[in-house]
Structure formats: C-alpha cells, structure tokens
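Per UniProt numbering, the very first residue in the sequence shown carries number 1; after that it's consecutive. Below: the structure, in structure tokens.
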Amino acid sequence: MDSIKFSILTLDYKLDRNDKELTGKIIYDYIKEKSLNVLDYSTIKEDKDAIKEKLIYLCEELKSDVVLTNGGTGFSKRDVMPEATLEVIEKQIPGFSEIIRCKTYDMTKEAILYRGISGIRNKSIIINLDGRPNYIRQSLDLIIGPLIYGVKILKESVSDSIIEKIVNCKQ
1 MDSIKFSILT LDYKLDRNDK ELTGKIIYDY IKEKSLNVLD YSTIKEDKDA IKEKLIYLCE
61 ELKSDVVLTN GGTGFSKRDV MPEATLEVIE KQIPGFSEII RCKTYDMTKE AILYRGISGI
121 RNKSIIINLD GRPNYIRQSL DLIIGPLIYG VKILKESVSD SIIEKIVNCK Q
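Here's what the structure looks like:
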C-alpha cells in the first residue's frame, strides 16, 4: 500500500500564538512518530469560505488521505470548522468525533462542548480536532488505528471478503 498522506490545518484566531503553534506541532510530531507522511501543514483564518476552499484543495488537489483540522470547534461566532466541514464532506463518520468527545470527557467535563465533525470527501478523511493542546495527543491515540484502517478501505487495499468478515463478525 502507498504511504498514508496527512495534511494538518490549524485555525488561526484568538488563541495565543504559542498555543496555536504548539497544537499544530503536536499533531505534526505525532504523525512523524508513527512514521507517517505530512503532505501539508498550514494555518488558516476563521473564515468559513476560506476553510471550505482549503479543505477541498487538500482533498481534491493534494489528494491527502487524511486532513486533521484543529481549532474552531467551540461555541464562539468564529468557531466555524464543523460547519465548513459539513459543507464539503460527502459522508459523515460520526465514530471518530464521538469517541474523542466521550473519552476526553473523562479528562474534562468541558469536552461535551466539542462540536467536531468527521467525514469523507472523495477518498480523503477529514477530522476536526479540538484546538486545545492538552487534548490533541489523547485524541490521536484514540483514533489512529481505526483511521489508518479507514484509509486502507478508501484506497481499496482491504479486500471485500475481509470487510465482510469484520462486518458480519465471522472468523
């Protein structure tokens, strides 16, 4: 199978510059630790149309297998990452966001406020991560295995018989 290509998109807004840079760097370092490839690592302003355009570019032009966004999943007016993501994905993958919300809730009750979305555009998986640095690594630990498997399915490198066995719980 070809190497999995990740893109990182960090929302640049009111966050302290060090936090913003730290959050993107945590994701970047995590991906590198797993011997995976970072195709693009960029920052974008909190403009919904600009976010949509960038997500489409990362999925369609760069052909990223995975786009990990961080920031913009809260309650403020400028927190528009989930809305932008919903407008560009073709299918939702609720499981990634649900497990992040549930497991980080054990660390902080504020996790219930996380509005991240996960979904598919073409053959790319987009996942909105929380913008707070202290939850990024834990979130990635929760999703990395299923995420890699999901990419393999989208790349059609997992046979239908294996998928059928998993879906039907056959040995």
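The beta-carbon is built from N, C-alpha and C at its ideal position, and this holds for glycine as well. All values derive from a computational prediction rather than experimental measurement.
Beta bridge counterpart(s) of V67 as assigned by DSSP
As a working mapping, residue 67 is identified with position 67 in the sequence shown. In the DSSP output, where bridge partners are listed per residue, V67 has S7 and I126.
When the Cβ atoms of the stretch 115-122 are set against those of the stretch 80-95, are three or more pairs found closer than 8 Å?
Segments in contact, yes.
Let me know the secondary structure DSSP gives K45 once reduced to three states.
As a first step, residue 45 must be located in the sequence shown, where it is residue number 45. Three-state result, K45: strand.
Using a Cβ distance threshold of 8 Å, determine whether the stretch 54-72 contacts the stretch 143-156, with at least three qualifying pairs required.
yes
Return the CA-CA distance between K123 and K155, expressed in angstroms with no decimal places.
As a first step, residue 123 must be located in the sequence shown, where it is residue number 123. As a first step, residue 155 must be located in the sequence shown, where it is residue number 155. Between K123 and K155, the C-alpha separation is close to 7 Å.
Could you have a look at G119 and say whether DSSP puts it in helix, strand or coil?
Translated into the one-based positions of the sequence shown, residue 119 becomes position 119. In this structure, G119 counts as strand in the three-state DSSP scheme.
Relative to the C-alpha of N70, which residue among L147, D12, N37 and T104 is closest?
One-based indexing of the sequence shown puts residue 70 at position 70. When only C-alpha atoms are compared, the closest one is D12.
So residue 191 and I125 are in contact, right, with Cβ under 8 Å, and what is the actual spacing, rounded?
This structure cannot speak to residue 191, because the chain is shown only from 1 to 171.
Considering only the alpha carbon of each residue, which of E98, L58, E53 and F75 lies closest to A84?
Walking along the sequence shown from the start, residue 84 turns up at place 84. Of E98, L58, E53 and F75, the residue nearest in Cα terms is E53.
Stretch pair the stretch 36-51 + the stretch 101-113: three plus CB contacts closer than 8 Å
no
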